[in-house]
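Here the sequence shown stands for residues 0 to 565, where the numbers follow numbering that gives the first Met the number 0.
We put the beta carbon where it would ideally sit given N, CA and C, even for glycine.
Working notes, beginning with the structure itself.
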Amino acid sequence: MATEAKLAHYEKSIKHLSRAIELRPGFVEAYVRRGDVYRKMGKFDLAITDYTQATSLTGRPHKAYCGRGLVYEAKGEIDEAIKDFTTAIHRSRSYDWDYPEAYYHRGNAYVTKEEIALAIEDYNAAIKLNPDYTEAYLKRGIAYTSIGEIDIAIEDYNNAIRRNPQLAEVYYYRGIAYSIKGEVDFALANYNRALELKPDYAQVYIRRGNFHRDMDRFALAIEDYNTAISLTRQLAEAYYNRGIAYGMKGEVDKAIDDFTQAIQYEPVYAEAYYHRGNAYAIKREFDLSMVDFNKAICLEPSHAGFYYSRGHIYGLKREFDKAIVNYTKAIQIEPENSGAYIDLGNAYGGKREFDSAIVTYSKAIELNPNDAYAYRKIGDVYFLQGDFDSAIANYNTTIKLNSNDAYAYHNRGFSYFLKGNFDRALTDYAKALELKPDYVQTYYTRARAWLFQQEWEKARKDLTFATEKGLNIFALFHKAYDSVASFEQVNNVKLPENIVVLLTKQGEQPQTLPKTKSLLQCPSGMGYSGDIATMLGQQDEPPQISFVSITHGQNQHRASHYAFAN
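This is how it looks when you write it as structure tokens:
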């Protein structure tokens, strides 16, 4: 796992190598070097692209094939890796030179496939070409150990130590070999030396613990096991906590990598699965997220937060029945969790079970009478039911409790708009935009109010701004009204040409239509049914997963991942 400093160094290297390639497009070594850096960063697709490009630019592409083979090996595509290592060997021979690294890496790949004889042949070739190849002696020793050739393995470990006496891993494996031979004193001496060189080498503590256990030295064995457990747990916790830090910084991919490392060190680390699930949810990789939440629940079935988050994912997938089951389970475990009631209400709303939604939101308010968000959600339900007075009453309470809730001002303004009170609507829209200037939907709803007041230039400016910010005002307008012509006829107005253009789909010709009974109306002919759900369904902030705590308290619902009115 690369440190932050090393990652910064890699990024700097990428920048310089990219510049070199820009200045000299046929610079083979730069492609290979950049591929190496991408590989170390875990950016395998980019690495493969660079290595492949390098193979096409030179008659000596052995390093590029070898580098690409390492990428395939890291991805678990061992056969592809072996093909590339083999090509690297053949291409190097074509210009009277042999490539020991390619033999070494192909040997490692053969070990992965448990083809030990072929692996040993490759290690032999690597050592013949480079007699001081320490890693090849070590790996050949491990290969011989795996097939029971212990004395030959020990000789390889001895050769590796002669060339690098500070390599703790060699002493560890030589200790295993001596242990297999029953030469316990030599085994213990090697384990001790490995720990002198690398005091946090958890695997050695486990092996030495096994040694003490087999010698009936149980106190010493337990001491070593405790140290190993402490080290692995500390590593797991360190990766876990660094993952949370990366998550809080918004570096989600790095967070996922660290949670994965934590799980490798401690496979029953429920919180690591949970937070990795949250990270996948941020990336909208919901299937992976669900796998992690399921695992977390399997490990800790009494943890309310895990059910709560799994309910969020089901909500995002619009599987509201399953969301309800999970929120209900979370509430059973933590009946005082008002946030779970909020999201349970959202799930009921998603099923259009508005009475159940109101009951559930009311329970949240009972638990937390100052929960402004719960009042807003009740207001949204009344809004959808067309009870604008009740909606306004709840938005009033929301604003009294939280005067900075831009969505409450917007929705109250929309309610006033649909009651025909345009002045009050415009006042609320202005406040919503004061609090949240990037709240694009408000520009569209305010433009509608300007249209009814025949403030054409103000309407045009708001519609133009909303369009420039990516809002599909054509779709929204035509959900509320059959056409521009219908709007004009029902409301007895003639829209200026520049506004008609904004509200007409490109390539469509404005039409004059007869007035029809099918046009949905409310006071003054204001069609609204088509866009209520759309406007309310987009009102909440994007998902914001908390990496700080796995406790889902009463405020956790403010990052709700879906709005039921969608």
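Pairwise C-alpha distance: residue j and residue i
i                : j                 : result
leucine 462      : valine 439        : 10 Å
alanine 431      : threonine 397     : 13 Å
asparagine 325   : glycine 338       : 13 Å
alanine 19       : glutamate 10      : 14 Å
serine 12        : arginine 33       : 8 Å
tyrosine 306     : phenylalanine 292 : 8 Å
asparagine 491   : leucine 287       : 54 Å
phenylalanine 26 : aspartate 97      : 23 Å
glutamate 487    : tyrosine 360      : 40 Å
alanine 254      : serine 301        : 25 Å
leucine 501      : valine 489        : 19 Å
lysine 435       : asparagine 497    : 27 Å
glutamate 28     : leucine 128       : 23 Å
glutamate 604    : methionine 40     : Since the displayed the chain opens at 0 and closes at 565, residue 604 lies outside it and no answer follows.
glutamate 21     : alanine 7         : 21 Å
valine 290       : isoleucine 281    : 15 Å
arginine 241     : threonine 231     : 15 Å
glutamine 165    : lysine 74         : 30 Å
alanine 188      : threonine 327     : 58 Å
aspartate 427    : valine 483        : 26 Å
glutamate 148    : alanine 235       : 35 Å
aspartate 539    : alanine 261       : Residue placement at aspartate 539 cannot be trusted, given a pLDDT of 45 that sits under 50; what the coordinates show is reported in the next sentence. About 33 Å.
threonine 226    : alanine 237       : 16 Å
Backbone secondary structure at residue i - three-state DSSP
i              : result
isoleucine 146 : coil
threonine 259  : helix
proline 24     : coil
histidine 311  : helix
lysine 430     : helix
histidine 477  : helix
aspartate 35   : helix
glycine 75     : coil
asparagine 471 : coil
aspartate 354  : helix
histidine 15   : helix
tyrosine 9     : helix
tyrosine 132   : coil
arginine 192   : helix
serine 361     : helix
glycine 526    : For glycine 526, the pLDDT reaches just 35, beneath the cut-off of 50, and the residue's location in the model is therefore unreliable, although a value from the coordinates is still provided. Note: glycine 526 maps to coil in three-state DSSP.
asparagine 325 : helix
Under 9 Å between C-beta atoms of residue i and residue j
i                 : j             : result
threonine 48      : tyrosine 64   : no
alanine 271       : glycine 304   : no
glycine 208       : aspartate 223 : yes
glutamate 79      : histidine 104 : no
arginine 619      : arginine 38   : Lying before the first or after the last residue shown, residue 619 is absent from the chain, which here runs from 0 to 565.
lysine 294        : alanine 322   : no
phenylalanine 319 : alanine 346   : yes
valine 70         : alanine 101   : no
leucine 475       : tyrosine 443  : yes
glycine 349       : serine 308    : no
Cut-off 7 Å between Cβ atoms - residues of its own chain near residue i, not counting five sequence neighbours on either side
i             : result
aspartate 194 : Note that residue 194 is leucine in the sequence shown here, rather than aspartate. These residues qualify, in order along the chain: Tyr200, Val203.
glutamate 335 : Leu366
tyrosine 245  : Lys253, Ala254, Asp257
alanine 186   : Gly174, Tyr177, Ser178, Phe210
Close beta carbons around residue i, own chain, < 6 Å, minus the five adjacent residues each side
i            : result
valine 36    : Tyr9, Ser12, Ile13
leucine 16   : Ala29, Arg32, Arg33
lysine 569   : Outside the modelled stretch of the chain, which goes from 0 to 565, sits residue 569, for which no answer is possible.
tyrosine 136 : Asp155, Asn158, Ala159
Neighbourhood of residue i by C-beta, 8 Å cutoff - its chain only, sequence neighbours within 5 removed
i              : result
tyrosine 190   : Tyr170, Tyr171, Gly174, Val203, Arg206, Arg207, Phe210
asparagine 393 : Tyr374, Arg375, Ile377, Gly378, Tyr381
- Item | Inter-stretch contact at 8 Å, needing at least 3 Cβ pairs: the region 155-172 / the region 139-146 | yes
- Message: Check whether the region 408-424 and the region 440-458 touch, using three or more Cβ-Cβ pairs below 8 Å as the test.
- Response: yes
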